[in-house]
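Residue numbers (the numbering used here), protein chains in the order written: chain A, 1004 to 1327; chain B, 109 to 267.
Backbone N, C-alpha and C define an ideal beta-carbon position, used for all residues, glycine too.
Here is the structure we will look at, set down as structure tokens.
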């Protein structure tokens, strides 16, 4: 019987959704609104025109419990071990004020790794970005503020990515919102629990909804290799005083993420002398002076600032020294 | 009892306001309005069946039938019987309403079949009126004989 009830509501409500697309108000008449109907008749009974009113029928619109939750992240968030934030939007699609209990589940089937959920917070200052200490953290059970009909808020799930995740590993976090008044099969009624004492009735969403936020581990590693080639004063490759040694330092960045502020430094070996003006990056000359380009060199060391380097990139730095 | 007396006074006052010309005698015509919620149920054979139930729980999207029973309890036939019913702003006329029904889309100033009416769109041009534009419905009966009664109905959907 309960199942039948469910089907009925669906049949009634679906065509309405299609027809209601045009009006400005998205989700219909507010809960607690009164709908009144009075008919008036005019007629002539032979003595002139007369008028009579019917009784007035008054109906109170009941409260529909509906909710949607969606991920606002454009795609999987690249993460490294440590804290990360997933962003969701919670919308009260019912027709009355309602609060929603939020539950984050980090152990979703198919995860390569599971995060730890630290907090669920609402975007108190409405800037779309989680601001620790500003945005309100919801405490157990995590319950949103009461949302007016059609109102939406941004919700953050703050999680910790465990150490030891491998590059490319993926993880989903599932956020569920449930109407505080109750959830259930569409059509389930909570007598008297709507706004102003009207009934609350579960809508087509079941008064709950779930969305997934996705994480992908972007573990980036840097490998440095150093090679030397020697040219002696006689055209050979012997290491003798006066030979020139060209050092090549190659930085290979691998992984799906990127590294920031990658700086390659090397000391000029003892008993050698740096050959001024021989510093290069990827075959392009760099000056020895600091501040004018990525590189600088002195009698004691060289330094090249590569900045942010994405996984898959490779850069080579060379410089020459002579053997004393 | 006190309450009952008050109700009577209120009812009398109301009648007086509504029918200033003929307050001295009771109206031979009576109107009685009611409302039913349309439930569509799928029976065991998979066929959907419409039933009318008391509107205990109503939410946006539900379909209601507003009905008015009329009866001539007087001894004389009455003529020019026109029943006018404003359509509440929180409901709209259902699209399966009788296309012959006389409706107004301008607050009861002008009347016609919906298909013949237009409304001003936002850019100032006329467009065909839709069910959601209907502000009033009415029925016109040339005469109602003594003892005659009938029922007038229109379907709406809660916005």
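Coil, strand or helix - residue i by DSSP
i: residue 1085(A); result: strand
i: residue 268(B); result: Since the first residue shown for chain B is 109 and the last is 267, residue 268(B) is missing from the structure and cannot be characterised.
i: residue 1128(A); result: coil
i: residue 1324(A); result: strand
i: residue 1310(A); result: strand
i: residue 224(B); result: helix
i: residue 1200(A); result: helix
i: residue 162(B); result: coil
i: residue 1181(A); result: strand
i: residue 247(B); result: strand
i: residue 1091(A); result: strand
i: residue 1067(A); result: strand
i: residue 1290(A); result: coil
i: residue 1317(A); result: strand
i: residue 1042(A); result: coil
i: residue 1298(A); result: strand
i: residue 180(B); result: strand
i: residue 1077(A); result: coil
i: residue 208(B); result: coil
i: residue 1242(A); result: coil
i: residue 214(B); result: coil
Residue i versus residue j: straight-line alpha-carbon distance, rounded
i: residue 1073(A); j: residue 1205(A); result: 20 Å
i: residue 1322(A); j: residue 1265(A); result: 18 Å
i: residue 227(B); j: residue 237(B); result: 5 Å
i: residue 1103(A); j: residue 243(B); result: 37 Å
i: residue 165(B); j: residue 200(B); result: 18 Å
i: residue 1083(A); j: residue 1255(A); result: 19 Å
i: residue 1105(A); j: residue 1136(A); result: 20 Å
i: residue 1099(A); j: residue 1159(A); result: 24 Å
i: residue 1297(A); j: residue 1278(A); result: 18 Å
i: residue 1275(A); j: residue 1227(A); result: 22 Å
i: residue 207(B); j: residue 1200(A); result: 38 Å
i: residue 1044(A); j: residue 1070(A); result: 44 Å
i: residue 1086(A); j: residue 1168(A); result: 13 Å
i: residue 1319(A); j: residue 1301(A); result: 19 Å
i: residue 216(B); j: residue 245(B); result: 8 Å
i: residue 232(B); j: residue 160(B); result: 41 Å
i: residue 1325(A); j: residue 1285(A); result: 22 Å
i: residue 1293(A); j: residue 1249(A); result: 21 Å
i: residue 1039(A); j: residue 211(B); result: 18 Å
i: residue 132(B); j: residue 1055(A); result: Low confidence applies to residue 132(B): its pLDDT is 46, below 50, so where it sits in the model is not reliable enough to give any reading.
i: residue 192(B); j: residue 1057(A); result: 10 Å
i: residue 1011(A); j: residue 150(B); result: Because residue 1011(A) sits at a pLDDT of 37, beneath the cut-off of 50, its placement in the model cannot be relied upon, and the following sentence gives the value as read from the coordinates. Roughly 7 Å between the two C-alpha positions.
i: residue 1107(A); j: residue 1145(A); result: 9 Å
i: residue 1078(A); j: residue 1246(A); result: 55 Å
Continuous beta strand (DSSP E) stretch holding residue i: start and end
i: residue 260(B); result: 257-266
i: residue 92(B); result: It is not possible to answer for residue 92(B), since the shown part of chain B is limited to 109 through 267.
i: residue 201(B); result: 199-201
i: residue 149(B); result: 137-150
i: residue 1233(A); result: 1224-1234
i: residue 1216(A); result: 1211-1220
i: residue 1253(A); result: 1247-1257
i: residue 1111(A); result: It is not in any beta strand (DSSP E) - residue 1111(A) carries neither H nor E in the DSSP assignment.
i: residue 1052(A); result: 1052-1056
i: residue 233(B); result: Per DSSP, residue 233(B) belongs to no beta strand (DSSP E) and is neither H nor E.
Distance cut-off 7 Å: residue i Cβ against heavy atoms of the ligand NAD
i: residue 1118(A); result: Of the ligands one can find in the structure shown there are none, so the ligand NAD has no counterpart to examine.
Chain-ordered chain D contacts of residue i [CB-CB under 7 Å]
i: residue 176(B); result: Given the protein chain composition of this structure (A and B), no chain D is represented.
### Query
If you scan the region 1117-1166 of chain A from start to end, which runs of the alpha helix (DSSP H) of 4 or more residues do you find wholly inside it?
You should have found no qualifying run.
### Query
Counting pairs of Cβ atoms below 8 Å between the region 1285-1302 of chain A and the region 1231-1249 of chain A, do you hit three or more?
Judged by Cβ distances under 8 Å, the region 1285-1302 of chain A makes no contact with the region 1231-1249 of chain A, as fewer than three pairs qualify.
### the region 1159-1171 of chain A contacting the region 1189-1209 of chain A, beta-carbon criterion three pairs below 8 Å
At 8 Å Cβ cutoff, the stretches do not touch.
### Task
Assess, as a yes-or-no matter, whether the region 170-178 of chain B is touched by the region 240-260 of chain B under the definition of 3 or more beta carbon pairs within less than 8 Å.
Output reads yes: the region 170-178 of chain B touches the region 240-260 of chain B.
### Message
For the structure I just gave you, are there three or more beta carbon pairs, one from the region 207-225 of chain B and one from the region 137-147 of chain B, closer than 8 Å?
### Response
Result no; under three Cβ-Cβ pairs closer than 8 Å.
### Query
Between the region 1248-1261 of chain A and the region 1220-1230 of chain A, are three or more C-beta pairs nearer than 8 Å?
They touch, by the three-pair rule.
### Query
Would you call the region 1087-1104 of chain A and the region 1144-1155 of chain A in contact, with 3 or more CB pairs under 8 Å?
At 8 Å Cβ cutoff, the stretches touch.
### Message
Between the region 1048-1056 of chain A and the region 1117-1131 of chain A, can you find at least three pairs of beta-carbon atoms closer than 8 Å?
### Response
Result no; under three Cβ-Cβ pairs closer than 8 Å.
#### Entry: Minimum length 3: unbroken beta strand (DSSP E) runs contained in the region 1263-1288 of chain A
Listed in chain order, they are 1275-1277.
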